[in-house]
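Trainee: Encoded as structure tokens, here's the structure I'll be asking about.
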Amino acid sequence: MADEIDDIKPKSAEVVQPTVEVQHISKRFPGVVALDDVSLQFFPGEIHAVVGENGAGKSTLMKILSGAYTPDSGTIYLSGEKVSFSHPKEAQMKGVSIIYQEFNLLPERTVAHNIFLGREPSTLGTLDTRKLNKQAVEVLKEIGVEKMISPTAFVSSLSVAEQQLVEIAKAISFKAKVLIMDEPTAALTYTEVNLLNDLVSRLKQKGMSIIFISHRLKEVFDIAEKITVLKDGKFIKTVNKKDVVPADVVYLMVGRTLDHYFPPLGKPEDFGEVVLKVKNASNQILSDISFELRRGEVLGIAGLQGSGRTELAQSLFGVVPFKSGTLELHGKAIAVKSPFKAIKNKMGFVTEDRKSEGIAPRQPIRDNMLLTVRAVRALFGMISKDGIGKSRKLVPMLGKQVDIRTDSFDREAQYLSGGNQQKVVLAKWLASDANVFIFDEPTRGIDVESKASIHDMIRALTKKGTAVLMISSELPEIIGMSDRVIVMSERRIAGELPAKTSEQEIMLMAIGHAKSTNPGLTTSVGEV
Amino acid sequence: MTAATATENRYRRILHSIHIPPVYFFLILVFFAGGSLDQILADGQIFSNPAIMLNIVVRSVALGIIAVGQSLVIIGASIDLSVAYTISITAVMSSYIMQGDTANVPMAIVSVFAIGAAIGLVNGVTITKFKVNPFIATLGTSLIIKGIINATFSNYTGSVPKSFEFFGYGTIGSLPVSIIILLIIVAAGWFLLARTKFGAHLYGVGGNAEVARLSGVRTDRVLIGAHVICSMTAVLAGLFLVSQMRSGAPWVGPNGVYDLNSIATTVIGGIALSGGKGGVWSTLGGVLIFGVLETVFNQLGVNPYLKTVLQGIIIVLAVASYTIRSKKEAA
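Top to bottom, those sequences are chains A and B.
Residue numbers for the first sequence follow the working numbering, beginning at 1 and rising by one.
Residue numbers for the second sequence follow the working numbering, beginning at 529 and rising by one.
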């Protein structure tokens, strides 16, 4: 085996032709430049990580490489040959396989059927099941997991890690030369990650070119040889892992000019008593969550994708309730078992996914705004009593408060811009007179002007004595808005930082490189 | 993790290979409930009579044949509401063409299968190419056929020759031909789903059409194929019914509620309306449950509406139990 590897491995960097090369790739979407003149090379037998903050353009680049998007300009070369893909199938046939973050398997079918879907061996339309299973075993053998995964096992009976392996088996069964993995470890435990890393190293030794997207810098440093940093759609730098330390890469990833100014932070006299107190709370996702939220403050929750930020909000709001630990609201221990309970206890939750959880797109703005009020107060058709009369005054008042630009409140919410839709969601919660607010990505995907007015509104809420928990993946927003910052990592709280902290400090804590005050984290890192 | 998982997987595999669809548990339950009712009300006359027992299956033949076709389209995450009127048009057209003469039988059979194929094709194309929701598309087809036959035929039309009645009433040895046909259709449905490329692709289309498409499956063709086959099973059921009735009438399909009943039995069998899983053996179980209910209630002379109530209860209970079970498995 070792001899073989030497044969394939590049003897000197100059003569080796890159497996994939992109030149001057640009891609814009309405309102954003996702990729701006990016040029990159990926070599055979190399594990190349692409890193960057949310919105840096990593996923867009991978989708272009795998044929899901076509670039607006620029060229792709595959082993020196110019190619353009109009469909993922074409890329796959040419040896570019991608494993997406979300799974693409049929749970109710066997492993073998999944790997060879659309390419089943058959004679006159009759399946050759024996051959199908044999071929599947061969592919599984190729990645060394034939003892672990049976070709006749149903995918639904496999663990997440095993399913991931089946995805990889399917990807390489197309005789892949390039394997793109988009956050392959997001759903895996540490042992499973190690298993995956072993596998990736083996594929690399076979001369495959592996492109690896990850938010977890630790992992990137464990496995990749080269690291490319993208920021705001632009190529920043490609570095060799051995020449850098994580902090260098973090430095390349963060830091940019603000696109607008934030309202002034709270002053010490603004902060009141503890409103929400969580102690040692856990459930199937989160473990050992403890923190306090005071009246009049904005507590920022930072962390990487998958660190448990959104889950924290959902747990507090009763979507996925905490199973153990205590939750005190205004000094009174309560159990928030459902969103209904949460709203009754005067909590408000502006969700991350505006389209599916925030607004009812086909309902008029008026009904959207009154949704929470009606949900909690009106029972059995008493809407008219509470609704119509009151809403005649309430709706325009709310509209003015959140500054919605519309000619009529009877317009369906789907016709509003993203920023205005978000303002409708805000209005909905303002109407509920909640005094603890959770904002999950309050300004994602909306224009700068609306962003600024939403930030002003959040600050105005705290001035009125409300407590705000604000989750954001945009570090400038966290720093610009928060009176304190809690950083999450590995579904725990990694630590707390004061107001006006730096992006670098947050990132280092989020990737588990900073000294942490939370004992839970150190043990989990120790396991690796 | 490796050794333990391997053993566990093997264990799971064995479990899967001897897997009996849970619907048969309900069948046994209904059977025993019927038996006890029979003991109490009729001193066990029904369940001790082999002819009546066989009749349970014979009564289920038409529904069973269509349910196989319905299972295919539902596995493909589609649905067919036009089967009842496909049966009607088959019954009246075949009887009309035959006119009691054996010589006309081949012509009649070819014609009705051509009509069936056309109906399936229209259903499939409307759903896949014009992206019309399957429920609406096949409801539309159903209304079109209904209009056509009601405008053309108002009562029994033509007749089938004595020779053709063999299909509905004949026996081979002591086994009714109709039962043999049902078993052949169910076996064919099983073969199609479990042992052919078409079947594998149909599960893919129903499970996740986008995954199937990206894997190179021509999803539209597969679904159109399933619809054509489904309409063909309706034609076959129509031929069977007309051979029993001796003459075709336009109300034979809707009177038997074959559209909703075929969906109900498929669902009782355990095939999710969302598609991608299940098989025809389980559907047969659902069909037999309806057969047992039908026979028991008819023989005992109990109010037939009570039967409908029971059917409703069984549908809900069965589906609820499957959903709870699969949730438990997932957790």
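Think of the CB as a built atom: it goes at the ideal place given N, C-alpha and C, for glycine as much as any other residue.
Measure the beta-carbon distance from residue 253 (chain A) to residue 53 (chain A) and round it to whole angstroms, keeping in mind my assumption that it falls under 8 Å.
Mentor: As a first step, residue 253 (chain A) must be located in the first sequence, where it is residue number 253. As a first step, residue 53 (chain A) must be located in the first sequence, where it is residue number 53. Right, their Cβ atoms sit about 6 Å apart.
Trainee: Just to confirm before moving on: does the CB-CB distance between residue 402 (chain A) and residue 426 (chain A) stay below 9 Å?
Mentor: For this step, residue 402 (chain A) is matched to residue 402 along the first sequence. For this step, residue 426 (chain A) is matched to residue 426 along the first sequence. A contact, by the Cβ cut-off of 9 Å.
Trainee: Taking only beta-carbon atoms, is residue 321 (chain A) less than 9 Å away from chain B?
Mentor: Locating residue 321 (chain A) in the first sequence gives position 321, counting from the first residue. No, residue 321 (chain A) does not count as interfacial toward chain B.
Trainee: For residue 368 (chain A), does the count of other Cβ atoms within 10 angstroms reach 16, so buried, or fall short, so exposed?
Mentor: Here residue 368 (chain A) is taken as the residue at index 368 of the first sequence, counted from 1. Counting Cβ neighbours within 10 Å, residue 368 (chain A) comes out buried, since at least 16 surround it.
Trainee: For residue 467 (chain A), count neighbouring Cβ atoms within 10 angstroms of its own Cβ and tell me buried if that reaches 16, exposed if not.
Mentor: Here residue 467 (chain A) refers to the residue found at position 467 of the first sequence. It counts as buried.
Trainee: Mind checking which residues open and close the beta strand (DSSP E) that includes residue 87 (chain A)?
Mentor: Numbered from its first residue, the first sequence carries residue 87 (chain A) at position 87. Here residue 87 (chain A) belongs to no beta strand (DSSP E), and DSSP marks it neither H nor E.
Trainee: With 9 Å as the threshold, decide whether the Cβ of residue 814 (chain B) is near any Cβ in chain A.
Mentor: The count along the second sequence starts at 1 and reaches residue 814 (chain B) at position 286. Judged by the 9 Å Cβ criterion, residue 814 (chain B) is not in contact with chain A.
Trainee: For residue 776 (chain B), which beta-bridge partners are listed by DSSP?
Mentor: Numbered from its first residue, the second sequence carries residue 776 (chain B) at position 248. DSSP lists B:685 as partners of residue 776 (chain B).
Trainee: Are the C-beta atoms of residue 661 (chain B) and some chain A residue less than 9 Å apart?
Mentor: In the second sequence, counting from the first residue as 1, residue 661 (chain B) sits at position 133. False, the Cβ-Cβ gap to chain A never drops below 9 Å.
Trainee: Figure out for me which residue from A:134, A:200, A:372 has the closest Cα to the Cα of residue 165 (chain A).
Mentor: Here residue 165 (chain A) refers to the residue found at position 165 when the first sequence is read from its first residue. Of the candidates A:134, A:200, A:372, the one whose C-alpha sits nearest the C-alpha of residue 165 (chain A) is A:200.
Trainee: Nearest CA to the CA of residue 590 (chain B): which residue from B:830, B:700, B:772, B:810?
Mentor: Counting from one through the second sequence, the residue named residue 590 (chain B) turns up at place 62. Nearest option by C-alpha distance: B:772.
Trainee: Inspect the CB distances between the region 774 to 788 of chain B and the region 616 to 624 of chain B and report whether three or more fall short of 8 Å.
Mentor: The region 774 to 788 of chain B is in contact with the region 616 to 624 of chain B.
Trainee: Pick out whichever of A:261, A:161, A:140 has its Cα sitting closest to the Cα of residue 151 (chain A).
Mentor: One-based indexing of the first sequence puts residue 151 (chain A) at position 151. Comparing Cα positions, the closest option is A:140.
Trainee: Would you say the beta carbon of residue 584 (chain B) comes nearer than 8 Å to a heavy atom of the ligand FAD?
Mentor: In the structure shown, the ligand FAD is absent, as is every other ligand, since no ligand is present at all.
Trainee: To the nearest angstrom, how far is the alpha carbon of residue 723 (chain B) from that of residue 153 (chain A)?
Mentor: Stepping through the second sequence from its first residue, residue 723 (chain B) is reached at position 195. Stepping through the first sequence from its first residue, residue 153 (chain A) is reached at position 153. One C-alpha to the other measures close to 17 Å.
Trainee: Note down the Cα distance separating residue 507 (chain A) from residue 748 (chain B), rounded to an integer number of angstroms.
Mentor: The residue given as residue 507 (chain A) occupies position 507 in the first sequence. The residue given as residue 748 (chain B) occupies position 220 in the second sequence. Taking the straight line joining both Cα atoms gives about 48 Å.
Trainee: Determine which residues of the region 691 to 714 of chain B have a Cβ less than 7 Å from any Cβ of chain A, and write them out in chain order.
Mentor: From the region 691 to 714 of chain B, no residue has a Cβ closer than 7 Å to chain A.
Trainee: Is it buried or exposed for residue 533 (chain A), if we count other Cβ within 10 angstroms and need 16 for buried?
Mentor: Chain A is shown only over 1 to 528; residue 533 (chain A) falls outside these bounds and no answer can be derived.
Trainee: Using 9 Å as the threshold, is the C-beta distance between residue 203 (chain A) and residue 213 (chain A) below it?
Mentor: Start at 1 with the first residue of the first sequence, and residue 203 (chain A) comes out as number 203. Start at 1 with the first residue of the first sequence, and residue 213 (chain A) comes out as number 213. Cβ atoms of residue 203 (chain A) and residue 213 (chain A): not closer than 9 Å.
Trainee: How would you call residue 69 (chain A), buried or exposed, if buried means at least 16 neighbouring beta carbons within 10 angstroms?
Mentor: Translated into the one-based positions of the first sequence, residue 69 (chain A) becomes position 69. Its Cβ being crowded by 16 or more others within 10 Å, residue 69 (chain A) is buried.
Trainee: Classify residue 717 (chain B) as helix, strand or coil using the three-state DSSP reduction.
Mentor: Numbered from its first residue, the second sequence carries residue 717 (chain B) at position 189. Three-state result, residue 717 (chain B): helix.
Trainee: Where does residue 529 (chain A) sit, in a helix, a strand or coil, going by DSSP?
Mentor: This structure cannot speak to residue 529 (chain A), because chain A is shown only from 1 to 528.
Trainee: Answer with yes or no whether the minimum CB distance from residue 171 (chain A) to chain B is below 9 Å.
Mentor: Reading the first sequence from its first residue, position 171 is the one you call residue 171 (chain A). No, because no Cβ of chain B sits closer than 9 Å to the Cβ of residue 171 (chain A).
Trainee: Please list the partners that residue 755 (chain B) has in chain A, where partner means a Cβ-to-Cβ separation under 7 Å.
Mentor: Numbered from its first residue, the second sequence carries residue 755 (chain B) at position 227. Result: empty, since nearest Cβ-Cβ is about 18 Å, beyond 7 Å.
Trainee: Return no unless some Cβ of chain B is closer than 9 Å to the Cβ of residue 309 (chain A).
Mentor: One-based indexing of the first sequence puts residue 309 (chain A) at position 309. No - not a single Cβ of chain B is within 9 Å of the one on residue 309 (chain A).
Trainee: Extract the residue ranges of the beta strand (DSSP E) inside the region 456 to 518 of chain A, only unbroken runs of 3 or more that lie entirely within it.
Mentor: Counting whole runs of 3 or more residues, the region 456 to 518 of chain A contains the beta strand (DSSP E) stretches 467 to 471, 484 to 489, 492 to 498.
Trainee: Starting from residue 731 (chain B), find everything on chain A with Cβ-Cβ shorter than 8 Å and list it in chain order.
Mentor: Start at 1 with the first residue of the second sequence, and residue 731 (chain B) comes out as number 203. Result: 106, 108, 109, 113.
Trainee: Since residue 108 (chain A) and residue 735 (chain B) should fall inside the 8 Å C-beta cutoff, what is the C-beta to C-beta distance between them, to a whole number of angstroms?
Mentor: One-based indexing of the first sequence puts residue 108 (chain A) at position 108. One-based indexing of the second sequence puts residue 735 (chain B) at position 207. With a Cβ gap of about 6 Å, residue 108 (chain A) and residue 735 (chain B) count as contacting.
Trainee: At which residues does the beta strand (DSSP E) containing residue 238 (chain A) begin and terminate?
Mentor: Start at 1 with the first residue of the first sequence, and residue 238 (chain A) comes out as number 238. Per DSSP, residue 238 (chain A) belongs to the beta strand (DSSP E) from 234 to 240.
Trainee: Alpha carbon to alpha carbon, how far is residue 431 (chain A) from residue 346 (chain A)? Give it in angstroms, no decimals.
Mentor: Indexing the first sequence from 1 puts residue 346 (chain A) at position 346. Indexing the first sequence from 1 puts residue 431 (chain A) at position 431. Whole-angstrom Cα-Cα distance: 11 Å.
Trainee: Hey, is the region 264 to 283 of chain A in contact with the region 232 to 242 of chain A, meaning 3+ C-beta pairs nearer than 8 Å?
Mentor: No, they do not touch.
Trainee: Taking 9 Å as the threshold (C-beta atoms), are residue 232 (chain A) and residue 197 (chain A) in contact?
Mentor: Mapped onto the first sequence, residue 197 (chain A) falls at position 197. Mapped onto the first sequence, residue 232 (chain A) falls at position 232. Cβ atoms of residue 197 (chain A) and residue 232 (chain A): not closer than 9 Å.
Trainee: Looking at the secondary structure, which residues open and close the beta strand (DSSP E) in which residue 77 (chain A) lies?
Mentor: Residue numbering aside, residue 77 (chain A) sits at position 77 when the first sequence is read from its first letter. It spans 73 to 78 - the beta strand (DSSP E) in which residue 77 (chain A) sits, taken as one unbroken run.
Trainee: Taking the alpha-carbon positions, what's the residue 62 (chain A) to residue 180 (chain A) distance?
Mentor: To locate residue 62 (chain A), count along the first sequence from 1; it is residue 62. To locate residue 180 (chain A), count along the first sequence from 1; it is residue 180. Rounded to the nearest angstrom, the two C-alpha atoms are 7 Å apart.
Trainee: Is there a Cβ of chain B sitting closer than 9 Å to that of residue 88 (chain A), yes or no?
Mentor: Taking the first residue of the first sequence as 1, we reach residue 88 (chain A) at position 88. For residue 88 (chain A), the answer is yes, since a Cβ of chain B falls inside 9 Å of its Cβ.
Trainee: As a quick exercise: from A:130, A:125, A:19, pick the residue whose alpha carbon is nearest that of residue 94 (chain A).
Mentor: For the purposes of this step, residue 94 (chain A) is identified with residue 94 of the first sequence, where counting begins at 1. Answer by Cα proximity: A:19.
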